[in-house]
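Report on the structure given below.
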Amino acid sequence: MLQLQLIALYDYVCRYYATHSALHYQRLSNNCCPAFTDQELMTIYLFGLIKQRSTLRQTYDYITEHWKGWFPKLPSYQAVSYRLNQIGWHFEPLIDCLCEHLQARHDLLRDVLLADS
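The structure is reproduced here in structure tokens:
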């Protein structure tokens, strides 16, 4: 079940990132195409919040202990922290959209009743 949550979250982040041009910015460094993408970084951060990890350190440790195989290019904690601070402004519009998406799904299911005979 957790694997499906992580996959769905990553897919959502990637689709959102691809369709919102405000999130694209030009990297003016030698690291213009990082091995560990912004989408992966955003996914692990959000997944950590979902799994009730309250700090970036707790999230990083959780990912390295349980999901390292899914993120083989995960950089050091210091690099993750630095990059997360660089793209922190991406989260506000993403979370707004994610909340709207979840509310829409909730509204669709509001009138659904299940009965067992």
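In the numbering used here, the protein residues as written are 1 to 117.
Ideal placement from N, C-alpha and C gives every residue a C-beta, glycine not left out.
Whose C-alpha, out of 97, 75, 53, is nearest the C-alpha of residue 40? Across the set 97, 75, 53, the C-alpha of 75 shows the shortest separation from the C-alpha of residue 40.
Could you tell me the distance, in whole angstroms, from the CA atom of residue 20 to the CA atom of residue 7? 20 Å
Measure the C-alpha to C-alpha separation of residue 101 and residue 5 and round it to an integer number of angstroms. 15 Å
Tell me the DSSP secondary structure of residue 73 in three-state form. Coil.
Anyone know if the C-beta pair for residue 1 and residue 17 falls short of 9 Å? no
From residue 38 to residue 86, what does the alpha carbon distance come to, in whole angstroms? Between the alpha carbons of residue 38 and residue 86 lies a gap of roughly 10 Å.
Span of the alpha helix (DSSP H) around residue 52: Neither: residue 52 is in no alpha helix (DSSP H) and is coded neither H nor E.
Between the Cα of residue 80 and the Cα atoms of 14, 63, 15, 98, which residue gives the shortest distance? 63
Just checking my contact of residue 69 with residue 58 at CB under 8 Å: how many whole Å lie between their CB atoms? Their Cβ separation, rounded to whole angstroms, is 19 Å, which puts residue 69 and residue 58 out of contact at 8 Å.
Selection from 35, 44, 34, 33 that minimises the alpha carbon distance to residue 91: 44
Closest Cα partner of residue 73 within the set 51, 14, 99, 33: 33
Against chain D, with Cβ distances strictly below 9 Å, would residue 46 count as a contact? The structure shown has no chain D; it contains just one protein chain.
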